[in-house]
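Enquirer:
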Amino acid sequence: QVQLVESGGGLVQAGGSLRLSCATSGRTFSSYGMGWFRQAPGKEREFVAVTNRSGSRTNYANSVKGRFTISRDNAKNTVYLQMNALTPEDTAVYYCTAGVSGLANDYWGQGTQVTVSS
Numbered sequence: 017q018v019q020l021v022e023s024g025g026g027l028v029q030a031g032g033s034l035r036l037s038c039a040t041s042g043r044t045f046s047s048y049g050m051g052w053f054r055q056a057p058g059k060e061r062e063f064v065a066v067t068n069r070s071g072s073r074t075n076y077a078n079s080v081k082g083r084f085t086i087s088r089d090n091a092k093n094t095v096y097l098q099m100n101a102l103t104p105e106d107t108a109v110y111y112c113t114a115g116v117s118g119l120a121n122d123y124w125g126q127g128t129q130v131t132v133s134s
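Numbers in the numbering used here are just positions in the sequence shown, counted from 1, shifted up by 16.
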């Protein structure tokens, strides 16, 4: 079992930046791909970004490509999501995930709220 704890969410103005962090428990962090998903009010949960076990490969949703960057520090058992040029459409609860599947979403954190004001 993998426990995931997100932090770094908050309120930011449009055009601003936030960095989300996700700390994991256990000694198997480097065995999992890591990802981020989000769910906006009234909408379905959607994929945001994913990285492989070493962090050498990443993939992004088209809506965030060029603005968001996923990275990981295997020494700190932590994955990050740097979010730049935020828009109100990025407002959502952001979830950290871990897994062995392509989208790395076998395990989920509790989520952190990101609100972007116009």
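All C-beta atoms, glycine included, are put in the ideal place defined by N, C-alpha and C.
So does the region 103 to 118 actually touch the region 85 to 94, counting three or more Cβ pairs closer than 8 Å?
Expert: The answer is no - the region 85 to 94 does not touch the region 103 to 118, with fewer than three Cβ pairs under 8 Å.
Enquirer: Does residue 27 pass the burial test, meaning 16 or more other C-beta atoms within 10 Å, or should it be called exposed?
Expert: By the 10 Å Cβ count, residue 27 comes out exposed.
Enquirer: CB residue 65 to CB residue 51, shorter than 8 Å?
Expert: Closer than 8 Å, so yes.
Enquirer: Check each candidate in 17, 127, 92, 132 and name the one with the smallest Cα separation from residue 54.
Expert: Minimum Cα distance to residue 54 is reached at 127.
Enquirer: Would you list the one or two residues that DSSP bridges to residue 60?
Expert: Partner(s): none; residue 60 has no beta bridge.
Enquirer: When we look at the beta-carbon of residue 78 and count the other beta-carbons within 10 Å, is it buried (16 or more) or exposed?
Expert: Exposed, because fewer than 16 other Cβ atoms sit within 10 Å of the Cβ of residue 78.
Enquirer: Around the C-beta of residue 44, are 16 or more other C-beta atoms found within 10 angstroms, so that it is buried, or is it exposed?
Expert: Label assigned to residue 44: exposed.
Enquirer: Find out if the Cβ-Cβ distance for the pair residue 23, residue 37 is shorter than 8 Å.
Expert: Going by C-beta atoms, residue 23 is nearer than 8 Å to residue 37.
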